[in-house]
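Below is one structure; the comments refer to it alone.
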Amino acid sequence: MPFPIQRFQADRGTEFFAVKVQEKLRQYGIKFRPDKPASPHLNGKLECSQKTDKTEFYSTVDLDSDDLADQLAEWQQYYNWDRPHSAHHGKSLIEKYFEFSAETALREDVHKNYFADSEPIQNQNYKVDLEVQRLKRSL
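This is how it looks when you write it as structure tokens:
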């Protein structure tokens with residue numbers, strides 16, 4: 005990525021709660037912030053992106069095609085560089101990126117302010133996770 009990833013927000017899928025995944029995020033200085041249960045609105049941008057992929061790309065290609073990877077690469081190029089996005093008032097994602105690039109923190113600054121020891125390994129069960137956090141604060 006051309007900018008530092010500071011947070012990884014995800015639903016409460018089991019794949020995100022694997023200790024190895026969370027340790028890798030910590031190694032890269034990325035905070036893991038799982039959504040609270042029953043909060044689909046927090047994944048709205050992702051859901052919208054997936055809907056666009058489904059309707060504008062996957063519905064137009066043969067999934068058994070030998071050059072599917074090439075077609076997907078072309079789609080990603082178009083989606084990020086050329087396709088207008090209504091959420092950005094008709095601008096492409098790269099145009100929006102360049103608007104914010106001057107305000108974007110440098111990787112060194114982000115990592116200087118990241119403290120892996122203060123990032124807990126989180127439990128997929130939200131109630132258990134809250135209880136563990138509560139117990140740690142009471143110590």
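Position one of the sequence shown corresponds to residue 5 (this note's numbering), numbered consecutively onward. Note that beta-carbon positions come from the ideal geometry of N, C-alpha and C, so glycine has one too.
For V23, the closest alpha carbon among the candidates Q126, S105 and D133 is that of Q126. Under DSSP, A14 shares a beta bridge with P38. In this structure A120 touches R30 by the C-beta definition: roughly 5 Å separates them, less than 8 Å. Distance from W85 to S96 at the Cβ level is roughly 6 Å; contact confirmed, criterion being Cβ atoms closer than 8 Å. The beta-carbon distance between P38 and A14, rounded to whole angstroms, is 6 Å. This is short enough to meet the 8 Å contact definition.
Nearest in C-alpha terms to V25, of all of P124, H89, E60 and N47, is P124. Between K35 and Q10, the CB-CB gap stays under 8 Å. According to the DSSP assignment, G33 belongs to no alpha helix (DSSP H), since it is labelled neither H nor E. Each of S122, H115, V132 and E135 was checked against the Cα of P8, and the nearest Cα belongs to H115. Just measuring C-alpha positions, the residue of S43, H89, K100 and D71 sitting nearest D57 is H89. Straight-line measurement puts the Cα of G33 at about 24 Å from the Cα of N129.
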